[in-house]
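Data first, discussion second: the structure below is written as structure tokens.
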Amino acid sequence: MKKAIFFLFTIFVFSCKNETAKPIAKPVDGHQLELKYAKGFSVTDYSTFKVLNIKNPWPDSEKSYRYVLINKENAAKTTFVKDEFDGIIINPIKKIVVTSTTHIPALELLNAEETLVGFPGTDFISSEKIRMRIDEGKIRELGKNESINTEVLLSLNPNVVIGFGIDGNNKTFETIKKSGIPVIYNGDWVEDSPLAKAEWIKFFGTLYHKEKEADSIFNTIEKNYLEAKKLAQTVKNKPTILSGAMHSDIWYLPNGTSTEAQLLKDANTNYLWQNSQGSGSLKLSFETVFTKAKDADIWINPSNYTSLKALENSSSHNTMFSAFINKNIYTITNTTGKTGGVLYYELGFARPDLVLKDLIKICHPELLKDYKPFFFKPLE
Amino acid sequence: MTLSYKYSFLALTLILILCFFVNISLGSVYIPIKAVFNSLVGSATEQDAWQHIITNYRLPKALTAILVGSGLGISGLLMQTLFRNPLAGPFVLGISSGASLGVALIILGTGLFGGVFASLFISKWSVVIAASLGSFLVLIAVLVVSIKVRDTMAILIIGLMFASITAAIVSVLSYFGSAEQLQQYIFWGFGSLGNLSWYELFVFSVIFCLGILLSIISIKSLNTLLLGENYAISLGLNIKRSRLIIIAATSLLAGTITAFAGPIAFIGLAIPHITRQVFNTSNHKILLPAVFLFGAVVMLICDSIAQLPNSDYTLPINAITSLIGAPVVIWLLVRKRKMVF
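As structure tokens, then:
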């Protein structure tokens, strides 16, 4: 009996000890990748492997995803509990499939474009380097993003597929995952500031063991952005800005917390709806927009209308705005690649410094005399 | 026309005028009544923007609402009588689907057909022409069938089948369309009353009047048709000719309305029912003008609600017509316990 009590007591003590020891048992030697703006992902480096955590793959997502990134050599020596992770990825990546044009610039900036083997809707890609590879037949067309041609994708056998989701329901990605190809949801588009979106280059850097390159590329972009922002603040004149356009009877325009509005703010302009809040775009009536923005100096980005005539055709009311009368309308839709992809949708996330400079050039032309806008063109 | 109908018409006309002015004076932006009247008579207002909003936005919008409401109501009435089916309406006969197909080809077809459509796509008139052509082609098809098939029920079902075929083609086009094109098509589907310039409104009204004229010509044959086709023939009615005129009137009205304002749901089906419930008659001499007035009034009310007066927001008109209208029909049916038809 005494023995039994002693035995139970020992178990009790040891189990108590185990409880208190838990936090210490956690690996503490993980080194976090430094991120200044991005909130949607994190990378912890455990020297032999890295853990990539995608926290916010789509707006209001409750799920987060964890992936192990490990090189071939270490992978042979280590085992992981499969259920703890959403994918185990051997890196550096040799073959990749990305699904959004916003992922393309990262590959090009990191000199990893030769790893791209497939893309849904290759016509949307404008990058000259990657277009050349498409023409050479080195990048397969995967059909439409919403229903990727799974057979072609499986035959390419990429190390990883970089997807993006509006919500967690994408059956194609589930099928791909089931066949053993990890899918990482990229949430760059959910980030709430232009620099945070650009910082996702570090995510791609991790996949390719090119953290240092990614870091220095981002630092340059950040530096350029902040310098441009500072330059813009030197002038007192703040032109008033109207944005978006009317479809049916509803005027869609970016809300005050959107990245578009932040860029306009950093360009030292008076965006007329800069104080509005909320997710998604504002949906206002024509009357509201007209009363407020009739005399706005500049009209930025009138949706996908490509000419003044198209804007007039869509609604005769558009012609009543001062910005229309003075032809002060600037659009991104007319700057396209060889096959019609809008360059802004590809490069705009990765290069907010260029976007900001474009806006400064439009709104304060005296500040950047020799600069030629990259994305924006006046609507003609 | 009995005295009580005269009073009812007088009351409806007054309600229409009232709704018209309420519609013009209410909107997202608050404009004082005085300024509204000043703009209407052409004198200066405090703000330039108000003048434009009243004369170039709210006024054409209110007139469009009247044309859309009354036109759809009448085309619904014509279809219901012609097919002697309470479920008939411009949507059921495939006329609206034809228009949708035309628009889908213009907006979404650029991906499939390339350049030619892309160049057409830029003009707003192309959408109007495509919608009219689409509904006209479906009409021709229905007419050809109606010559071969004597049974109106069969024509109704064939109309439904046309609607299914066009829906299928639209899905194929949507699959190949780009995100922007899909967006554009969906926006068109929301319906819009406030996007017509005075010139567009003029063209719209000319075709509209032609449709109304054909409907008025058909009043006698509509009343005869209510007795049944065989009886109508025995009364000496040229059934083929009347059928042709009625379908042409419907197509002109529903086709143009869909072309200019997008597919507006509910009105075509429900307004004739509401009118029959209120007027308790099946005489088209009474029904036709009553449906005209009711359609216009309901559409003006729906538009006033869609504008969410004094808020910055606005709702798609298509949602409001169903949301407000359908419960009214249910309530009327429950109250009267049976359908007047």
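Heads up: the sequence lines are chains A and B, in that order. For the first sequence, the working numbering assigns the number 1 to the initial residue and increments by one for each residue that follows. For the second sequence, the working numbering assigns the number 381 to the initial residue and increments by one for each residue that follows. All C-beta atoms in this analysis are idealised placements derived from N, C-alpha and C, irrespective of residue type, glycine included. None of the values given here were measured: they were computed from a predicted structure.
Residue environment for histidine 103 (chain A): buried (at least 16 other C-beta atoms within 10 angstroms of its C-beta). Shown here for isoleucine 166 (chain A): same chain residues with a beta carbon closer than 7 Å to its own, the five before and five after excluded, namely Trp58 in chain order. Straight-line spacing of the CA atoms in glutamate 136 (chain A) and leucine 452 (chain B) works out to 56 Å.
Taking a C-beta distance under 9 Å as the contact criterion, valine 678 (chain B) and glycine 456 (chain B) do not qualify as a contact pair. Within the stretch 232-303 of chain A, the beta strand (DSSP E) runs of at least 3 residues that lie entirely inside it are, in chain order, 240-243, 245-247, 250-253, 282-285, 298-300. Boundaries of the alpha helix (DSSP H) around arginine 656 (chain B): 647-659.
Residue pairing by DSSP places proline 378 (chain A) opposite A:Tyr330 in a beta bridge. According to the DSSP assignment, isoleucine 89 (chain A) belongs to the beta strand (DSSP E) that extends over 87-90. Under the Cβ criterion (8 Å, minimum of three pairs), the stretch 468-480 of chain B counts as touching the stretch 513-521 of chain B.
From the listed residues A:Phe286, A:Leu284, A:Gly168, A:Ala296, the smallest Cα separation to isoleucine 241 (chain A) is found for A:Ala296. From the listed residues B:Leu617, B:Thr636, B:Tyr555, the smallest Cα separation to leucine 576 (chain B) is found for B:Thr636. Against chain B, the beta carbon of leucine 142 (chain A) has no neighbour under 8 Å; the closest one sits roughly 15 Å away.
Chain B has no Cβ within less than 9 Å of the Cβ of isoleucine 201 (chain A). Counting only the Cα atoms, tryptophan 711 (chain B) lies some 37 Å from serine 554 (chain B). Around the beta-carbon of histidine 31 (chain A), fewer than 16 other beta-carbon atoms lie within 10 Å, marking it exposed. Glutamine 657 (chain B) is not a Cβ neighbour of glycine 407 (chain B), given a cutoff of 9 Å.
The straight-line gap separating the alpha-carbon atoms of glycine 340 (chain A) and isoleucine 619 (chain B) is approximately 55 Å.
Interface residue (Cβ-Cβ distance to chain A less than 9 Å): proline 696 (chain B) is classified as such. Interface annotation for the stretch 410-429 of chain B against chain A: Gln427, Asp428, Ala429, criterion Cβ-Cβ distance under 8 Å. The beta carbons of alanine 38 (chain A) and glutamate 151 (chain A) sit about 34 Å from each other, so the pair does not count as a contact at 8 Å. The continuous alpha helix (DSSP H) containing asparagine 313 (chain A) extends over residues 308-314. In this structure, DSSP gives histidine 364 (chain A) a state outside helix and strand, which the three-state scheme calls coil. At a cut-off of 9 Å, the C-beta of arginine 438 (chain B) has a neighbouring C-beta in chain A. Taking 7 Å as the Cβ-Cβ cut-off, the stretch 265-292 of chain A approaches chain B at Lys283, Leu284, Ser285, Phe286, Glu287, Thr288, Phe290, Thr291, given in chain order. Note on geometry: alpha-carbon atoms of alanine 629 (chain B) and glycine 675 (chain B) lie some 17 Å from one another. Contact between the stretch 638-658 of chain B and the stretch 594-607 of chain B is absent, with fewer than three C-beta pairs closer than 8 Å. Rounded to whole angstroms, arginine 438 (chain B) and glycine 256 (chain A) show a C-alpha spacing of 28 Å. For threonine 101 (chain A), the CB contacts under 7 Å within the same chain, skipping 5 residues up- and downstream, are Phe124, Ile125, Gly341, Tyr345, Glu346 in chain order.
In the DSSP assignment, phenylalanine 49 (chain A) falls within the unbroken beta strand (DSSP E) covering 49-54. In terms of beta-carbon proximity, lysine 294 (chain A) lines the interface with chain B, with at least one pair separated by less than 9 Å. Three or more beta-carbon pairs separated by less than 8 Å link the stretch 193-210 of chain A to the stretch 101-121 of chain A, which places the two stretches in contact.
Along the stretch 110-144 of chain A, the positions whose C-beta sits under 9 Å from a C-beta of chain B are Gly121, Phe124, Lys144, read in chain order.
Of the candidates B:Ala559, B:Leu632, B:Ile613, B:Leu632 places its Cα closest to the Cα of leucine 594 (chain B).
The bridge partners DSSP lists for tyrosine 65 (chain A) are A:Ile54. By the Cβ criterion, the stretch 457-464 of chain B is in contact with the stretch 531-542 of chain B, since at least three pairs of Cβ atoms, one from each stretch, lie closer than 8 Å. Annotation: the continuous beta strand (DSSP E) that includes glycine 163 (chain A) extends over 160-163.
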